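Here is the structure we will look at.
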Ligand SMILES: Cc1cc2nc3c(=O)[nH]c(=O)nc-3n(C[C@H](O)[C@H](O)[C@H](O)COP(=O)(O)OP(=O)(O)OC[C@H]3O[C@@H](n4cnc5c(N)ncnc54)[C@H](O)[C@@H]3O)c2cc1C
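In the numbering used here, the protein residues as written are 94 to 437.
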């Protein structure tokens, strides 16, 4: 009897999981809910979830996915993404290169070399203990170093680009020198195209809106992103630890005072030039509005929160409503800060 398409798909997925488990052991989980791995706490399952703790494992995984034609998507802490309710076909791999080190440059400065999976807020605490200044804006920004480089994350008037020196990148399609084989190269600050919440890594992932006002996710590529950040270096200055710790504590307190505690992915929209998305959404009368189980936070209008039970579609409903209402009321086109990932 001929196999149905569904049976064939299940068998293909099973074969992929088995091969991944042979190659990466316990780092592989099958049918893993993405809702567990994103701060919005929404999103369906990834067929395979693979946590990568070594650079050579990432190279091996990319090579294997390319050879077999498996879809592969790299993520960090999932604090700036909205995963689709349908989840993600193929493999979602979590960047967990978490080593970091310091090297003295001169009497005043040290060079920080950090794996892309290092947790930014934890690192900020450790640097404060050592009296190193330059990244304290990251207190309470819950992502990884890789995620911070992607969006040129920042707060309190400072950002990633202020101290970043270089980024180590895995070019998944290689370059002319590597003959198309995946290769790791180091790029300097001026090659990364940093701007406000923007870098070369985001250029292809801008979320547009359709005629119906709904966000349209960029089509999935087989391997994404094509340029994977594996680490970065930052030039930091030595100063009085007490002062750095004080700033870190003040930034944390500011977040507690101004941001909601429920599940969210931080600011949903970038701020338009000279204004704040939160102010515009609030002025449009949308604070506290709900769609399904999602809500525009009554505390901060640029946060959409999931107090429990929301779906990605509920969040999208509010994104579309906020963008449409702000455009109608104020003529301002809000641009998404959060990225739509998975199978939309
Ligand atoms: C409560 C809260 C407060 C926040 N406050 C701020 C803030 O003040 N300022 C700010 O800028 N952001 C803020 N954010 C958003 C978020 O924390 C940052 O954008 C963070 O840098 C994202 O890192 P991540 O590891 O979670 O990336 P993810 O959300 O996992 O990924 C984001 C995108 O980057 C890609 N990516 C991740 N890692 C890599 C890598 N190594 N190589 C290539 N691509 C990669 C992913 O595929 C995805 O497209 C906040 C979020 C929350 C939940």
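Every residue, glycine too, gets a C-beta built ideally from N, C-alpha and C.
Computed from a predicted model, the values in this text were never measured in an experiment.
Beta bridge counterpart(s) of residue i as assigned by DSSP
| i | result |
| --- | --- |
| residue 206 | 194, 326 |
| residue 109 | BP columns for residue 109 are empty, so no partner. |
| residue 396 | 360 |
| residue 142 | 122, 185 |
| residue 291 | 288 |
| residue 168 | 187 |
| residue 176 | 434 |
| residue 237 | 212 |
| residue 425 | None, per the DSSP bridge assignment. |
| residue 277 | 263 |
| residue 301 | 309 |
| residue 229 | Residue 229 is not bridged to any residue. |
| residue 320 | 264 |
| residue 331 | 225 |
| residue 158 | DSSP, once it has assigned bridges, lists no residue as partnering residue 158. |
| residue 248 | 251 |
Rounded separation between residue i and residue j - CA only
| i | j | result |
| --- | --- | --- |
| residue 354 | residue 141 | 30 Å |
| residue 309 | residue 181 | 16 Å |
| residue 437 | residue 408 | 13 Å |
| residue 401 | residue 223 | 39 Å |
| residue 311 | residue 99 | 26 Å |
| residue 211 | residue 146 | 11 Å |
| residue 434 | residue 208 | 23 Å |
| residue 220 | residue 246 | 18 Å |
| residue 432 | residue 338 | 32 Å |
| residue 286 | residue 179 | 33 Å |
| residue 132 | residue 290 | 19 Å |
| residue 190 | residue 297 | 24 Å |
| residue 467 | residue 215 | The question about residue 467 has no answer here: the residues shown for the chain are numbered 94 through 437. |
| residue 130 | residue 428 | 24 Å |
| residue 150 | residue 423 | 49 Å |
| residue 256 | residue 273 | 32 Å |
| residue 123 | residue 288 | 38 Å |
| residue 238 | residue 295 | 15 Å |
| residue 395 | residue 303 | 21 Å |
| residue 335 | residue 200 | 19 Å |
| residue 367 | residue 299 | 21 Å |
| residue 168 | residue 301 | 21 Å |
Neighbour-count burial assignment, residue i, 16 or more Cβ in a 10 Å radius
| i | result |
| --- | --- |
| residue 249 | exposed |
| residue 426 | exposed |
| residue 305 | exposed |
| residue 451 | Missing from the structure shown is residue 451; the chain here goes from 94 to 437 and no further. |
| residue 198 | exposed |
| residue 430 | buried |
| residue 351 | exposed |
| residue 270 | exposed |
| residue 244 | buried |
| residue 387 | buried |
| residue 170 | buried |
| residue 134 | buried |
| residue 317 | buried |
| residue 192 | exposed |
| residue 128 | buried |
| residue 227 | buried |
| residue 102 | exposed |
| residue 136 | buried |
Neighbourhood of residue i by C-beta, 8 Å cutoff - its chain only, sequence neighbours within 5 removed
| i | result |
| --- | --- |
| residue 277 | 148, 152, 261, 262, 263, 264, 323 |
| residue 460 | Since the first residue of the chain shown is 94 and the last is 437, residue 460 is not available in this structure. |
| residue 225 | 195, 203, 205, 329, 330, 331, 332, 337 |
| residue 275 | 152, 155, 156, 159, 263, 264, 265, 266, 267 |
| residue 109 | 140, 141, 161, 163, 183, 184 |
| residue 65 | No information on residue 65 is available, as it lies outside the stretch 94 to 437 that the chain covers here. |
| residue 293 | 284, 285, 286, 320 |
Own chain partners of residue i with C-beta closer than 7 Å, once the 5 adjacent residues on each side are dropped
| i | result |
| --- | --- |
| residue 251 | 230 |
| residue 389 | 374, 379, 380, 381, 382, 397, 411, 415 |
| residue 455 | Summary: the structure shown does not reach residue 455, with the chain confined to residues 94 through 437, and so no result is reported for it. |
| residue 144 | 120, 187, 189 |
| residue 420 | 426 |
| residue 418 | 377, 379 |
| residue 391 | 380, 381 |
| residue 280 | 259, 260, 262 |
Residues of its chain near residue i, where Cβ-Cβ distance is below 6 Å and the 5 sequence neighbours each way are ignored
| i | result |
| --- | --- |
| residue 126 | 138 |
| residue 370 | 362, 364, 395, 427 |
| residue 315 | 164 |
| residue 413 | 306, 307 |
Any C-beta of chain D under 8 Å from that of residue i
| i | result |
| --- | --- |
| residue 236 | No chain D appears in this structure, which consists of one protein chain only. |
The stretch 368-383 contacting the stretch 258-268, beta-carbon criterion three pairs below 8 Å: no
Could you tell me whether the stretch 324-338 touches the stretch 199-216, using the rule of 3 or more Cβ pairs below 8 Å? yes
Check whether the stretch 358-365 touches the stretch 173-183, taking contact to mean three or more Cβ pairs, one atom from each stretch, closer than 8 Å. yes
Whether or not the stretch 112-119 and the stretch 153-167 are in contact is what I'm after, with contact meaning three or more pairs of Cβ atoms, one per stretch, closer than 8 Å; do they touch? yes
At least 3 beta-carbon pairs within less than 8 Å: the stretch 225-240 vs the stretch 331-351: yes
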